[in-house]
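If you read the sequence shown in our numbering, its first letter stands for residue 157, the second for the next number, and so on. Where a beta carbon is used, it is the ideal one built from N, C-alpha and C, also for glycine. Every value quoted in this text rests on a predicted model; they were computed, and no experiment measured them.
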Amino acid sequence: KSMDGLNDSSVSEFVLLGLSSSQKTKVFLLLTFSFLYLGIILGNLFIVFLVIADSYLQSPMYFLLANLSLIDVGLSSTAIPKMISDLANEYNIISFQGCMTQICFIHIMGGVEMVLLIAMAFDRYTAICKPLHYLNIMSPKRCVAFVITGWITGVIHAMSQFAFVINLPFCGPNKIDSFYCDFPRIIKLTCTDEAKFEFIVAANSGFMSMGTFFLLILSYIFILVTVWKHSSGDLSKAFVTLSAHITVVVLFFTPCMFLYVWPFPTSSVDKYLFIVDFAITPALNPVIYTLRNKDMKIAIKRLRKWRYYVQFC
157 KSMDGLNDSS VSEFVLLGLS SSQKTKVFLL LTFSFLYLGI ILGNLFIVFL VIADSYLQSP
217 MYFLLANLSL IDVGLSSTAI PKMISDLANE YNIISFQGCM TQICFIHIMG GVEMVLLIAM
277 AFDRYTAICK PLHYLNIMSP KRCVAFVITG WITGVIHAMS QFAFVINLPF CGPNKIDSFY
337 CDFPRIIKLT CTDEAKFEFI VAANSGFMSM GTFFLLILSY IFILVTVWKH SSGDLSKAFV
397 TLSAHITVVV LFFTPCMFLY VWPFPTSSVD KYLFIVDFAI TPALNPVIYT LRNKDMKIAI
457 KRLRKWRYYV QFC
């Protein structure tokens, strides 16, 4: 039978097995992820608000950071709200269309985030290695181009895999051992030869994750070598500048490479690893970028002073 012309499949829904079957663990996870998600929304939107409201923060670095914060909200929103509602319910079912939509948005957001992390590394490279040309190189036009490139990359990346998966026949088991839908797990449930489709996912998502990760690591090495040459061996300032960025990059890419570079067979560990991408990294980003950033701390103080001034005027 046909499902809105999407797929000639007998499977109209999937059962998500989630993170745990224990009721006590479910309650603990429900509370933990509810607080985490609230923190992700408030923390990241606060960064966006601060960058828009404070004229001192209207620089290329903070423009990219505000975009990264929005993408973090988007990425966690593709999986965490559904996961929270599933933890509160007995049966965790997602429709075929819902599953495909979730996969699509996860990969679009993931693609945008990768390009933004590259743009932020390029921004740090320019600031540290070419400070005199910084504003020329990181012009507003170039910053907007980075963001548009991110979205185009994300959409192409998601659709190129989606085109293969949407036409696969699903005729039988419909249980997914995870809290969200993704290509490697969905391919396991098809009734065709899955090897070539596994290769497509590994080649696409795996290559993109590995390529971006190594590009970023190379850029950090290049920055540190440049600083080391110019400052007669003193790397402390560069490390301080880059440490926040490196932390985010390692946290974001470790699960991606674990799942997509060597994706088959998928193990039950993968689903726990991806909590890092959906919940931990988006929650940590505001903490890393505000508590370890002098400009952000000053902007928060200015905001407090302004509120105080408004109250007493």
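Nearest residue (CA-CA) to residue i, options the options
i: Ile356; options: Tyr416, Ile436, Val268 and Pro442; result: Tyr416
i: Cys299; options: Val268, Asp426 and Met217; result: Met217
i: Leu187; options: Gly230, Ile236 and Leu201; result: Ile236
i: Val268; options: Thr309, Val321 and Thr446; result: Thr309
i: Val406; options: Ile373, Trp307, Ala435 and Ser392; result: Ile373
i: Asp242; options: Phe219, Val183, Leu273 and Ser232; result: Val183
i: Met470; options: Asp433, Met265, Ile379 and Ala277; result: Residue 470 falls outside the range modelled here, since the chain spans only 157 to 469, and no answer is possible.
i: Trp307; options: Gly195, Ile249 and Val271; result: Val271
i: Asn245; options: Phe414, Phe409 and Phe335; result: Phe335
i: Tyr247; options: Leu221, Ile342, Ile332 and Phe409; result: Ile332
Cross-strand partners of residue i (DSSP beta bridge)
i: Leu201; result: According to DSSP, Leu201 bridges with nothing at all.
i: Ile249; result: Val171
For residue i, three-class secondary structure by DSSP
i: Lys331; result: strand
i: Ser365; result: helix
i: Phe326; result: coil
i: Val443; result: helix
i: Asp426; result: helix
i: Thr348; result: coil
i: Gln214; result: coil
i: Asp160; result: Confidence at Asp160 is low in this model, with a pLDDT of 44, below 50, so the placement of that residue should be treated as unreliable; the coordinate-derived value is given next. In this structure, Asp160 counts as coil in the three-state DSSP scheme.
i: Asn292; result: helix
i: Tyr281; result: helix
i: Val417; result: coil
i: Tyr376; result: helix
i: Asp338; result: coil
Contact set for residue i: own chain, Cβ-Cβ below 8 Å, skip 5 residues either direction
i: Phe318; result: Met256, Ile259, Cys260 and His263
i: Lys286; result: Ile293
i: Ser177; result: none
Euclidean distance between Cα positions of residue i and residue j
i: Cys337; j: Thr346; result: 14 Å
i: Leu201; j: Asn330; result: 37 Å
i: Val207; j: Gln179; result: 42 Å
i: Glu354; j: Ile203; result: 38 Å
i: Phe339; j: Lys385; result: 45 Å
i: Pro411; j: Asn323; result: 27 Å
i: Met366; j: Phe395; result: 23 Å
i: Thr360; j: Leu459; result: The sequence shown places Asn at residue 360, rather than the Thr named in the question. Going from the Cα of Asn360 to the Cα of Leu459 covers about 44 Å.
i: Val443; j: Ser399; result: 13 Å
i: Phe369; j: Ser225; result: 19 Å
i: Met364; j: Ser392; result: 31 Å
i: Ala283; j: His289; result: 8 Å
i: Asn163; j: Ala275; result: Low per-residue confidence applies at Asn163: pLDDT is 48, beneath 50, and the placement is therefore not dependable enough to give any value.
i: Ala435; j: Val383; result: 34 Å
i: Ile196; j: Gly362; result: 27 Å
i: Lys427; j: Trp462; result: 44 Å
i: Ser168; j: Ser251; result: 6 Å
Chain-order list of residues whose beta-carbon lies under 7 Å from that of residue i (same chain, five-residue window excluded)
i: Ile240; result: Leu186, Phe189, Ser190 and Tyr193
Spatial neighbours of residue i in its chain, beta-carbon cut-off 6 Å, leaving aside the 5 residues before and after
i: Gln214; result: none
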